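First comes the structure, then the notes that go with it.
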Amino acid sequence: MGTEVRSIPTRDQVPEELKWRLEDLFASDADCEKDMAKAKDLSDRLSGFKDRVGESAATLKECIEVALEVGDTVEACYTYSKMRQDEDTSVPKYQDLQGRASALAVQVRSASAFFEPELIAIPDETLDRFYMEEPALSDYKHMIEDVRRKKEHTLNSAEEKIVAMAGEVGKGASNIYTMLNNADIKFPEIEDEKGNKVELTKGRYITFMESKDRRVRERAFEAMYDTYGALINTIGANLDTEVKKNIFNSRVRKYGNAMSASLDRNNIPTKAYENNIKAVRSRIGLLQRYMALRKKLLGVDKLHMWDLYVPMIDNVEMKVPYEEAVSTVKEAVRPLGKEYSEVLAKGLDGRWVDVVESKGKRSGAYSWGSRKAHPYVLMNWQDNINNVFTLAHEMGHAMHSWYTWKTQPVQYSDYPIFLAEVASTFNEALLNDYLLKKITDKGERMYLLNHYLEEFRGTVFRQTMFSEFERQIHEAVENGEALTASSLSDIYHGLNRQYFEPEVKVDKKISLEWARIPHFYMNFYVFQYSTGFCAALALAKKVLAGTEGAREKYIEFLSSGSSDYAINLLAKAGVDMTTEKPINDALDVFEGLLNEMEALV
Numbered sequence: 000m001g002t003e004v005r006s007i008p009t010r011d012q013v014p015e016e017l018k019w020r021l022e023d024l025f026a027s028d029a030d031c032e033k034d035m036a037k038a039k040d041l042s043d044r045l046s047g048f049k050d051r052v053g054e055s056a057a058t059l060k061e062c063i064e065v066a067l068e069v070g071d072t073v074e075a076c077y078t079y080s081k082m083r084q085d086e087d088t089s090v091p092k093y094q095d096l097q098g099r100a101s102a103l104a105v106q107v108r109s110a111s112a113f114f115e116p117e118l119i120a121i122p123d124e125t126l127d128r129f130y131m132e133e134p135a136l137s138d139y140k141h142m143i144e145d146v147r148r149k150k151e152h153t154l155n156s157a158e159e160k161i162v163a164m165a166g167e168v169g170k171g172a173s174n175i176y177t178m179l180n181n182a183d184i185k186f187p188e189i190e191d192e193k194g195n196k197v198e199l200t201k202g203r204y205i206t207f208m209e210s211k212d213r214r215v216r217e218r219a220f221e222a223m224y225d226t227y228g229a230l231i232n233t234i235g236a237n238l239d240t241e242v243k244k245n246i247f248n249s250r251v252r253k254y255g256n257a258m259s260a261s262l263d264r265n266n267i268p269t270k271a272y273e274n275n276i277k278a279v280r281s282r283i284g285l286l287q288r289y290m291a292l293r294k295k296l297l298g299v300d301k302l303h304m305w306d307l308y309v310p311m312i313d314n315v316e317m318k319v320p321y322e323e324a325v326s327t328v329k330e331a332v333r334p335l336g337k338e339y340s341e342v343l344a345k346g347l348d349g350r351w352v353d354v355v356e357s358k359g360k361r362s363g364a365y366s367w368g369s370r371k372a373h374p375y376v377l378m379n380w381q382d383n384i385n386n387v388f389t390l391a392h393e394m395g396h397a398m399h400s401w402y403t404w405k406t407q408p409v410q411y412s413d414y415p416i417f418l419a420e421v422a423s424t425f426n427e428a429l430l431n432d433y434l435l436k437k438i439t440d441k442g443e444r445m446y447l448l449n450h451y452l453e454e455f456r457g458t459v460f461r462q463t464m465f466s467e468f469e470r471q472i473h474e475a476v477e478n479g480e481a482l483t484a485s486s487l488s489d490i491y492h493g494l495n496r497q498y499f500e501p502e503v504k505v506d507k508k509i510s511l512e513w514a515r516i517p518h519f520y521m522n523f524y525v526f527q528y529s530t531g532f533c534a535a536l537a538l539a540k541k542v543l544a545g546t547e548g549a550r551e552k553y554i555e556f557l558s559s560g561s562s563d564y565a566i567n568l569l570a571k572a573g574v575d576m577t578t579e580k581p582i583n584d585a586l587d588v589f590e591g592l593l594n595e596m597e598a599l600v
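With the first letter of the sequence shown counted as 1, position 15 gets the number 14 in numbering that gives the first Met the number 0; the numbers rise by one all the way through.
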């Protein structure tokens with residue numbers, strides 16, 4: 000048996016061409032520091048508008064312009080510092096820069112705390128007169144109305160300032176979890192298929208869970224959850240703090256509960272959240288049918304939680320090096336036209352992407368960036384088909400940002416998460432379609448069907464289960480119950496049983512999985528993976544079918560930023576997310592793929 004230990008590289012061992020070029024955003028740390036100083040000056044200038052917002056049309060316009068400039072400046076500094084920190088979370092210099100940028104963001108929020116209460120206090124007839132006196136104010140009309148619709152949830156200036164000042168403390172649980180989960184946590188070595196000792200990492204975990212050797216999968220599963228289990232009380236207390244923060248914020252702003260407070264930020268009706276759970280729950284039999292097929296194909300007496308990621312097709316191995324993945328993604332997005340394809344290629348070839356896993360690097364994948372430069376993508380590359388889909392997904396986010404920044408003024412240059420997940424999973428739908436059309440080999444076709452069924456399980460069923468967990472833990476605290484590591488694990492285990500039994504043996508240690516999910520620190524975020532996936536499928540189906548105007552409508556959607564409410568922008572693109580229909584339509588697609596897979600078997 001071998002004893003070779005394979006370690007991941009340090010940052011300086013990674014080739015330059017596989018690192019993102021953050022110099023496109025700030026040529027040096029010193030330039031970021033200069034903009035932080037500029038943001039402080041702008042923040043002081045903004046404070047000078049206190050008690051003057053409703054003074055005149057010209058004053059209102061100037062105040063908005065200064066607020067937008069300071070917001071844009073501090074956002075670029077925060078983004079740069081966080082991405083630098085994410086390259087290696089153990090580097091003190093960037094921990095410090097990120098900490099100061101975060102503090103600056105809180106300072107700016109505090110300095111602008113007067114704005115919304117004063118804007119809300121302007122009488123309707125006065126505001127109508129302002130629009131007539133200063134026509135340029137109409138450019139901000141949707142932004143202004145979005146603030147004013149939250150009148151009953153907005154505090155007075157002094158109270159808003161206190162809430163803003165508390166913002167940095169409010170990030171505590173999330174920051175602690177980030178450091179614990181990325182910089183401090185240490186996983187053991189496990190034996191791979193060849194008997195080599197290999198260091199377990201979060202990036203390698205899925206690769207191990209896809210191993211054809213069941214003992215390797217079980218060892219990885221046990222090692223992962225034993226590691227989190229050793230920290231479970233700390234992580235439990237930390238998540239309890241995060242939940243209490245969300246509830247505090249909702250009560251301060253007079254919302255009925257934390258969920259409605261979170262969704263109202265983007266004017267998303269709570270029925271969009273509830274409909275997603277309801278539709279998925281009503282067809283949970285599809286998941287159990289898929290699990291029965293998995294059990295049959297793997298040829299096991301009992302299907303365990305460590306059997307859920309291994310490809311069901313054991314004689315096909317689709318290893319995909321990064322260079323091949325890049326060319327595949329470029330080809331897959333061609334249905335979106337020349338401009339989309341060319342810009343995406345420029346991003347992939349022009350160091351928008353930080354590719355490989357390295358020591359201390361933030362786990363997972365994301366797309367971020369600033370309109371001052373271009374979008375960026377963080378990856379922790381492994382040579383498997385999952386990572387090809389992740390790359391397509393993150394480049395979908397990047398292209399959404401690129402189109403929005405190119406088209407919209409600063410006030411509408413972001414977009415809510417509810418829309419973000421549409422742009423990313425749309426690209427996954429294109430990629431799946433491209434690969435299924437290209438691949439005729441029965442084994443590889445089954446492998447791909449297996450992969451996309453897994454995408455469904457991971458994005459629709461799994462994220463909906465996560466959203467139920469989030470709802471339940473917030474409701475528990477809202478009802479006066481205590482959250483402990485034990486109660487969190489009980490709730491999580493119960494949900495796994497409801498989703499997976501009787502086809503899967505729900506192993507006890509899966510009850511600890513909540514401890515390794517960073518999205519539980521993102522305040523009712525995860526349901527949008529499911530709704531976004533379902534909306535994306537509906538839109539992609541139209542584009543791929545060549546429906547007249549579908550591509551143009553989709554590019555228009557990507558270019559819309561936050562110029563209207565998310566629900567309205569999706570409706571314009573052709574999907575009504577206030578109903579269960581998009582969820583059920585997506586589940587129909589899942590059923591169709593499952594039918595084909597069962598027939599091939």
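By construction, the Cβ of each residue, glycine as well, lies at the ideal position given by its N, Cα and C atoms.
Just so you know, these numbers come straight off a predicted model, no measurement behind them.
Starting from residue i, follow its DSSP beta bridges and name the residues at the other end.
i, result
"K301", "Paired residue(s): none; K301 is not in a bridge."
"D353", "L377"
"V503", "L302"
"S366", "V376"
Taking 7 angstroms as the limit between beta carbons, can you name the residues of its chain near residue i, skipping five residues before and five after?
i, result
"G166", "V105, R108"
"N426", "V332, A391, H392, M394, G395"
"F468", "I490, Y491, L494, W513"
"E209", "Y308, V309, P310, N383"
"T9", "S357, K358"
"T577", "P268, K270, A271, I566"
"G1", "Low per-residue confidence applies at G1: pLDDT is 40, beneath 50, and the placement is therefore not dependable enough to give any value."
Contact check, residue i vs residue j under 8 angstroms by CB: the rounded distance?
i, j, result
"Y139", "Y520", "In fact, because the Cβ distance is near 32 angstroms, the residues do not count as touching under 8 angstroms."
"E117", "V52", "4 angstroms"
"L302", "E502", "6 angstroms"
"T424", "T389", "The Cβ separation is near 11 angstroms, so there is no contact."
"A29", "N265", "Wrong, their Cβ atoms sit about 36 angstroms apart, outside the cutoff."
"A539", "A428", "4 angstroms"
"I283", "F417", "Not confirmed; about 24 angstroms, so no contact."
"T463", "V279", "4 angstroms"
Going along the chain, which residues of its own chain have a beta-carbon closer than 6 angstroms to the beta-carbon of residue i, five neighbours each way excluded?
i, result
"R370", "W404, S412"
"R20", "R350"
"R607", "In this structure the chain extends from 0 to 600, so residue 607 is not present and cannot be described."
"G560", "T403, Q407, Y411, S412, Y414"
"N274", "E579"
"A633", "Here the chain has residues from 0 to 600 only, and residue 633 is not among them."
"Q287", "E502"
Given residue i, which residues of its chain have a CB within under 8 angstroms of its CB, disregarding the five upstream and five downstream residues?
i, result
"I234", "Y176, L179, Y227, A484, A514"
"D11", "none"
"E159", "A112, F113, E115, P116, T153"
"A172", "N237, L238, T240, E241, K244, Y520"
"D584", "C533, L536, A537"
As a quick exercise: from the options, pick the residue whose alpha carbon is nearest that of residue i.
i, options, result
"S111", "S42, Q94, E64", "S42"
"L45", "F113, S27, E54", "F113"
"L126", "E158, H152, S55", "S55"
"T72", "V242, L24, W380, G98", "L24"
"A222", "K150, A549, K508, V525", "K508"
"P320", "E217, A257, Q381, M445", "Q381"
"S281", "Y528, Q497, S400", "Q497"
"E595", "L430, Y289, N522, I184", "Y289"
"K196", "I205, I184, D183, R218", "R218"
"A344", "E330, R470, D353", "E330"
"L238", "M445, H473, L59", "H473"
"S488", "I189, Y93, N181, A236", "A236"
"N181", "M164, K277, T200", "T200"
"N245", "S529, A260, D563", "A260"
"D440", "K277, F556, M317, Y528", "M317"
"D50", "A100, I121, F207", "I121"
"D313", "R293, K60, G368, C62", "R293"
"V574", "E597, V600, R461, K541", "K541"
"E32", "A100, D300, S6", "A100"
May I ask you to check if the CB of residue i is nearer than 7 angstroms to at least one heavy atom of the ligand ZN?
i, result
"K33", "In the structure shown, the ligand ZN is absent, as is every other ligand, since no ligand is present at all."
Touch check for the segment 77 to 92 and the segment 347 to 364: three-plus C-beta pairs under 8 angstroms? yes
Do the segment 65 to 78 and the segment 369 to 386 meet, that is, are 3 or more Cβ pairs less than 8 angstroms apart? yes
Stretch pair the segment 465 to 482 + the segment 338 to 354: three plus CB contacts closer than 8 angstroms: no
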